[in-house]
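Colleague:
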Amino acid sequence: MTLGELAQRFDLQLDGDAQRTVSGLATLASAGPDDISFLSNKKYASQLLDTRAAAVILHPDLASQCPVATLATADPYLAFARSTALFDRSPAQPEGIHPAATVSPGAVIANDASIGPNAVVEAGARVGSGASIGANAYIGHNTEIGAGTRIQPGVVIYHNVKLGARCRVHSQAVLGADGFGFAPGPGGWEKIHQLGGVSIGDDVEIGACTTIDRGALDDTVIEDGAIIDNLVQIAHNCRIGKNTAIAGCTGLAGSTIIGANCTLAGGVGVVGHVEICDGVHVTGMTMVTRSITEPGSYSSGTPMATTREWRKSAVRFSQLERIQQRLAALEKKQ
Amino acid sequence: MTLGELAQRFDLQLDGDAQRTVSGLATLASAGPDDISFLSNKKYASQLLDTRAAAVILHPDLASQCPVATLATADPYLAFARSTALFDRSPAQPEGIHPAATVSPGAVIANDASIGPNAVVEAGARVGSGASIGANAYIGHNTEIGAGTRIQPGVVIYHNVKLGARCRVHSQAVLGADGFGFAPGPGGWEKIHQLGGVSIGDDVEIGACTTIDRGALDDTVIEDGAIIDNLVQIAHNCRIGKNTAIAGCTGLAGSTIIGANCTLAGGVGVVGHVEICDGVHVTGMTMVTRSITEPGSYSSGTPMATTREWRKSAVRFSQLERIQQRLAALEKKQ
Amino acid sequence: MTLGELAQRFDLQLDGDAQRTVSGLATLASAGPDDISFLSNKKYASQLLDTRAAAVILHPDLASQCPVATLATADPYLAFARSTALFDRSPAQPEGIHPAATVSPGAVIANDASIGPNAVVEAGARVGSGASIGANAYIGHNTEIGAGTRIQPGVVIYHNVKLGARCRVHSQAVLGADGFGFAPGPGGWEKIHQLGGVSIGDDVEIGACTTIDRGALDDTVIEDGAIIDNLVQIAHNCRIGKNTAIAGCTGLAGSTIIGANCTLAGGVGVVGHVEICDGVHVTGMTMVTRSITEPGSYSSGTPMATTREWRKSAVRFSQLERIQQRLAALEKKQ
Numbered sequence: 001m002t003l004g005e006l007a008q009r010f011d012l013q014l015d016g017d018a019q020r021t022v023s024g025l026a027t028l029a030s031a032g033p034d035d036i037s038f039l040s041n042k043k044y045a046s047q048l049l050d051t052r053a054a055a056v057i058l059h060p061d062l063a064s065q066c067p068v069a070t071l072a073t074a075d076p077y078l079a080f081a082r083s084t085a086l087f088d089r090s091p092a093q094p095e096g097i098h099p100a101a102t103v104s105p106g107a108v109i110a111n112d113a114s115i116g117p118n119a120v121v122e123a124g125a126r127v128g129s130g131a132s133i134g135a136n137a138y139i140g141h142n143t144e145i146g147a148g149t150r151i152q153p154g155v156v157i158y159h160n161v162k163l164g165a166r167c168r169v170h171s172q173a174v175l176g177a178d179g180f181g182f183a184p185g186p187g188g189w190e191k192i193h194q195l196g197g198v199s200i201g202d203d204v205e206i207g208a209c210t211t212i213d214r215g216a217l218d219d220t221v222i223e224d225g226a227i228i229d230n231l232v233q234i235a236h237n238c239r240i241g242k243n244t245a246i247a248g249c250t251g252l253a254g255s256t257i258i259g260a261n262c263t264l265a266g267g268v269g270v271v272g273h274v275e276i277c278d279g280v281h282v283t284g285m286t287m288v289t290r291s292i293t294e295p296g297s298y299s300s301g302t303p304m305a306t307t308r309e310w311r312k313s314a315v316r317f318s319q320l321e322r323i324q325q326r327l328a329a330l331e332k333k334q
Numbered sequence: 001m002t003l004g005e006l007a008q009r010f011d012l013q014l015d016g017d018a019q020r021t022v023s024g025l026a027t028l029a030s031a032g033p034d035d036i037s038f039l040s041n042k043k044y045a046s047q048l049l050d051t052r053a054a055a056v057i058l059h060p061d062l063a064s065q066c067p068v069a070t071l072a073t074a075d076p077y078l079a080f081a082r083s084t085a086l087f088d089r090s091p092a093q094p095e096g097i098h099p100a101a102t103v104s105p106g107a108v109i110a111n112d113a114s115i116g117p118n119a120v121v122e123a124g125a126r127v128g129s130g131a132s133i134g135a136n137a138y139i140g141h142n143t144e145i146g147a148g149t150r151i152q153p154g155v156v157i158y159h160n161v162k163l164g165a166r167c168r169v170h171s172q173a174v175l176g177a178d179g180f181g182f183a184p185g186p187g188g189w190e191k192i193h194q195l196g197g198v199s200i201g202d203d204v205e206i207g208a209c210t211t212i213d214r215g216a217l218d219d220t221v222i223e224d225g226a227i228i229d230n231l232v233q234i235a236h237n238c239r240i241g242k243n244t245a246i247a248g249c250t251g252l253a254g255s256t257i258i259g260a261n262c263t264l265a266g267g268v269g270v271v272g273h274v275e276i277c278d279g280v281h282v283t284g285m286t287m288v289t290r291s292i293t294e295p296g297s298y299s300s301g302t303p304m305a306t307t308r309e310w311r312k313s314a315v316r317f318s319q320l321e322r323i324q325q326r327l328a329a330l331e332k333k334q
Numbered sequence: 001m002t003l004g005e006l007a008q009r010f011d012l013q014l015d016g017d018a019q020r021t022v023s024g025l026a027t028l029a030s031a032g033p034d035d036i037s038f039l040s041n042k043k044y045a046s047q048l049l050d051t052r053a054a055a056v057i058l059h060p061d062l063a064s065q066c067p068v069a070t071l072a073t074a075d076p077y078l079a080f081a082r083s084t085a086l087f088d089r090s091p092a093q094p095e096g097i098h099p100a101a102t103v104s105p106g107a108v109i110a111n112d113a114s115i116g117p118n119a120v121v122e123a124g125a126r127v128g129s130g131a132s133i134g135a136n137a138y139i140g141h142n143t144e145i146g147a148g149t150r151i152q153p154g155v156v157i158y159h160n161v162k163l164g165a166r167c168r169v170h171s172q173a174v175l176g177a178d179g180f181g182f183a184p185g186p187g188g189w190e191k192i193h194q195l196g197g198v199s200i201g202d203d204v205e206i207g208a209c210t211t212i213d214r215g216a217l218d219d220t221v222i223e224d225g226a227i228i229d230n231l232v233q234i235a236h237n238c239r240i241g242k243n244t245a246i247a248g249c250t251g252l253a254g255s256t257i258i259g260a261n262c263t264l265a266g267g268v269g270v271v272g273h274v275e276i277c278d279g280v281h282v283t284g285m286t287m288v289t290r291s292i293t294e295p296g297s298y299s300s301g302t303p304m305a306t307t308r309e310w311r312k313s314a315v316r317f318s319q320l321e322r323i324q325q326r327l328a329a330l331e332k333k334q
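Chains as they are written, first to last, in the UniProt record's numbering: chain A, 1 to 334; chain B, 1 to 334; chain C, 1 to 334.
1. According to DSSP, what are the bridge partners of V268(A)?
2. Taking the Cβ atom as the reference point for each residue, do G146(C) and I157(C) lie within a distance shorter than 8 Å?
3. Quick check on this structure: which residue in V198(C), D178(C), E309(C) has the alpha carbon closest to the alpha carbon of V161(C)?
4. Among residues of its own chain, excluding the 5 on either side of A31(A), which ones have a beta-carbon nearer than 7 Å to its beta-carbon?
5. Under 6 Å Cβ to Cβ from M287(B), same chain only, skipping five residues before and after it: list those, please.
6. Does the structure place the stretch 175 to 184 of chain C close enough to the stretch 211 to 226 of chain C that three or more beta carbon pairs sit under 8 Å?
7. Could you have a look at residue 337(B) and say whether DSSP puts it in helix, strand or coil?
8. Give the C-beta separation of D17(B) and L28(B) to the nearest angstrom, bearing in mind that I take them to be a contact with Cβ-Cβ under 8 Å.
9. According to DSSP, is F180(A) helix, strand or coil?
10. Answer yes or no: does any C-beta atom of chain B fall closer than 8 Å to that of T102(A)?
11. Residues of chain A with a CB under 9 Å from the CB of L330(C): which are they?
12. Between the Cα of S318(C) and those of G254(B), L330(B), M304(B), spot the shortest distance and give me the residue it belongs to.
13. Which residues mark the beginning and the end of the beta strand (DSSP E) in which I222(B) is found?
14. Quick one: Cα of I323(C) to Cα of R308(C), how far?
15. Along chain B, in chain order, which residues have C-beta atoms closer than 7 Å to that of M285(C)?
16. Would you say S129(B) and A113(B) are within 8 Å of each other, going by their C-beta atoms?
17. Taking G124(C) as the reference, give the member of V103(C), N136(C), A137(C), G134(C) with the closest Cα.
18. Going by C-alpha distance, which of F180(A), G241(A), A253(A), N142(A) is nearest I227(A)?
19. Would the stretch 182 to 200 of chain A and the stretch 189 to 208 of chain C be scored as touching if the rule is three or more Cβ pairs under 8 Å?
20. Run through DSSP, which three-state label would A81(A) get?
21. Please classify G4(B): does DSSP put it in a helix, a strand, or coil?
22. Using 8 Å for Cβ pairs, my map puts P153(B) next to S171(B). What's the rounded Cβ distance?
23. So what does DSSP say about S297(B), is it helix, strand or coil?
24. For A247(B), tell me which candidate among C209(B), K191(B), R214(B), H273(B) has the shortest Cα-Cα distance.
25. Would you check if the distance between the CB atom of H236(B) and the CB atom of G254(B) is smaller than 8 Å?
26. Applying the criterion that 16 or more other CB atoms from any shown protein chain within 10 Å of the CB defines a buried residue, is P76(C) buried or exposed?
27. So the candidates are N243(C), A183(C), V22(C); which of them puts its Cα closest to the Cα of F182(B)?
28. Just the Cα atoms here: how many angstroms apart are G134(B) and G267(A)?
29. List the residues of chain A that C262(B) touches, going by C-beta distances under 9 Å, in chain order.
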């Protein structure tokens with residue numbers, strides 16, 4: 001790939017030798033003479049001076065500070081994101097059904113799909129064109145895997161789950177396990193069999209060890225373009241809106257409804273049966289205890305301190321009602 | 001199934017056509033004329049008016065508001081739970097050992113048990129009558145799976161683990177991995193090999209990606225009827241009492257003892273070596289830092305606010321000791 | 001094994017019959033006459049009186065209180081840890097490649113390594129001497145597994161991951177899944193393909209269902225002797241220092257740098273791009289929102305209370321800014 005081809009492909013303004021070839025993409029600090037690099041945060045502009053990269057993707061305003069060739073654009077982070085696809089050397093599974101796979105005769109597999117070794121595909125399942133089912137993965141009865149969707153090794157998808165096109169599901173994710181529904185009975189908990197499914201749109205990414213439970217009666221729904229990190233729990237009957245991003249270790253209780261274009265940082269918890277409107281950002285480890293009806297940023301928690309200092313604040317937290325009463329008494333005396 | 005049969009089976013009082021047949025169970029909003037539905041929360045009573053359901057399971061007090069046939073009972077939620085079993089269409093694995101399974105000649109498999117494709121069952125393991133081991137699951141040496149217990153695809157159960165009857169273990173759960181035990185040594189951490197096992201009672205449900213570690217010397221114990229959601233961590237030597245429920249993303253440190261009939265909401269954390277008595281409820285994301293000796297409800301954390309408002313409170317939290325001192329100084333001056 | 005052999009092997013001072021043989025290791029309460037036991041916490045010294053153990057590993061200061069034979073040492077916990085290895089009966093996988101494994105002809109497997117049933121090893125992968133790949137595990141292209149490293153059943157390791165010697169990786173762990181990197185584009189999130197790998201040192205332990213993502217451009221790095229519990233999320237480009245311990249349910253956002261000899265308790269969350277120096281302890285469920293440059297112990301959160309009491313404090317927390325203003329107004333009037 002030449003710098004000229006890169007510039008044309010991603011609509012970048014090249015200042016440098018268009019014929020120069022590059023073979024990799026690296027940080028400013030580690031790039032060598034065969035790599036391109038990028039600068040998207042002005043804070044790191046000083047790293048330009050020492051870079052050995054062949055060329056740097058950056059904002060036009062910073063081009064003059066760069067000692068090597070530049071590929072300028074108003075959104076260098078986006079151009080960087082797009083160029084990663086060119087340099088991705090991830091191995092692809094070969095087309096066809098591996099001889100060690102177990103595919104039911106009642107499953108429908110596209111000719112150009114790929115089924116890895118020891119993968120199991122049950123009756124009534126459909127695997128679309130160009131889709132890939134990794135080694136040791138499991139696809140349940142009547143589950144649909146859309147075109148171009150990539151299921152990584154070890155993923156388990158229960159019956160009656162529908163994934164759209166171009167999704168990526170990382171290893172050990174579980175889609176369609178039973179929602180956690182039980183009624184108290186005279187002899188203990190009685191299971192509410194989970195009769196719904198899971199419905200996932202197009203272009204959804206689901207992280208490793210993430211669990212998305214099937215609905216109790218209706219489906220749990222993940223809309224197009226949502227991105228979900230590792231170790232996230234999405235309980236039964238949740239609905240996640242379009243292009244919403246959920247970071248790792250977040251847990252959503254049952255029937256949580258989240259709008260479009262939201263971002264939940266890591267470790268957030270949402271109690272059940274609340275609704276979060278479009279355009280909400282929730283900061284890390286926040287406990288969302290009620291519905292959110294206005295876009296904006298929301299938080300909870302307390303700031304980190306040394307354990308010694310924190311203990312003092314924590315004790316006083318328990319006394320806050322009394323502190324407020326003492327303050328009110330003093331005010332009255334004035 | 002007719003309404004009359006339903007009424008008789010679950011001891012419901014039918015007001016309607018006993019011969020009418022139904023084939024599904026759905027919410028009031030989505031039920032069609034072949035479905036029954038249910039109403040357990042008075043808050044949703046207004047949805048009765050528009051339902052197209054054939055009949056509705058509800059409390060006798062609400063029957064008069066229902067425009068369609070009614071199946072009345074004092075506990076409609078329990079009746080709903082029980083009726084889900086009738087409409088569950090989850091595919092069952094066929095009896096017998098799948099040819100792609102790897103079963104040690106030293107394992108004992110009941111004739112009517114089911115071992116799925118690519119499942120591995122090691123020597124000394126026992127799989128009881130009617131039990132089912134899902135595709136790609138692993139059952140370690142000398143592990144016992146009780147009668148009617150259902151192990152979903154991909155589950156890993158290490159050696160010397162005992163599960164009782166009628167349990168359900170969801171995909172990617174790990175039972176019996178090493179507890180996190182290390183002693184500081186002169187050259188770094190020295191592993192404490194975990195010599196205990198895991199002992200799980202009857203009628204226990206274990207969620208997807210949940211981990212229950214083996215004990216250091218004695219067993220980690222889960223008692224009959226406990227229900228555990230997804231992504232829960234139960235460390236070595238914990239003991240979970242009868243019919244206790246633990247929601248998703250909760251983590252219990254080593255040697256936590258929890259009594260019977262407790263409920264831990266999602267994202268709770270329990271420090272090690274504490275004891276929680278019977279009948280305790282812990283609200284979501286609570287940090288349990290000491291033993292609980294009285295039944296009741298317990299909490300910690302701070303309420304959610306806009307990030308802008310939260311920042312102000314968070315700063316003042318760090319100053320609480322100083323605020324208390326200033327207040328005390330003022331009180332002295334009075 | 002005789003008491004004399006134990007004393008010699010671990011440099012313990014025996015007071016008792018050197019010829020007596022023992023076959024197990026148990027707690028003071030459950031040890032029988034064929035077991036040794038240990039006492040490392042003075043708090044439990046009273047349990048010595050009733051023990052039926054053949055001998056007890058303990059501190060010399062407590063030896064006089066012990067009614068049975070003693071194995072004295074200045075660090076009884078370390079001696080206990082080392083002796084667990086002697087009594088570990090965990091089954092080992094037999095050497096060689098199981099006939100149901102799928103090993104690429106382009107993989108290099110040491111003669112004395114073990115590849116379990118249904119394990120998949122891709123081209124370019126290398127499995128070192130004495131290493132063991134569990135049943136249903138997956139080893140991606142060009143991934144290296146060091147000598148003596150033990151991969152438990154069901155683990156998934158993507159391509160271009162390097163593990164050192166004598167590591168242990170527990171079931172369902174995922175090493176090398178894509179980091180959670182996306183750039184906002186005009187039509188939604190655009191994936192940043194993750195071009196880095198994961199590099200893991202020697203003697204590292206990784207818990208069940210723990211996820212360690214591959215780097216965006218450079219590698220995610222875990223240094224020698226680090227120990228990581230279950231259900232931990234380590235995002236792309238993190239670096240974990242030597243002998244650092246991370247307990248269960250902890251989540252590290254991208255590019256977190258943690259020094260050597262740190263301990264993070266369970267449920268900790270660390271925001272991205274912060275640095276934690278050597279020798280830091282973080283208490284359970286702490287939200288680490290900034291870099292830590294001084295060794296010591298750090299905390300956040302609020303103490304547990306009854307839900308009734310907690311609600312009062314929580315309401316006042318939201319009013320802290322106003323409380324501080326009222327206090328300042330009173331002070332002014334003095």
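The C-beta atom is built at its ideal place from N, Cα and C for all residues, glycine as well. Here the structure is a predicted model, which is why all the values come from computation and not from measurement.
Modeller: Let me spell this out:
1. The partner list for V268(A) (beta bridge, DSSP) is empty, contrary to what the question assumes.
2. no
3. V198(C)
4. S37, T51, R52, A53
5. G269, S300
6. yes
7. Nothing in the structure corresponds to residue 337(B), since chain B is present only between 1 and 334.
8. 19 Å between Cβ atoms; not a contact.
9. coil
10. yes
11. L327, L330, E331, Q334
12. M304(B)
13. 220 to 222
14. 21 Å
15. G269, M287
16. yes
17. V103(C)
18. G241(A)
19. no
20. helix
21. helix
22. 5 Å
23. strand
24. C209(B)
25. yes
26. buried
27. N243(C)
28. 31 Å
29. In chain order: nothing, as chain A lies at least about 12 Å away.
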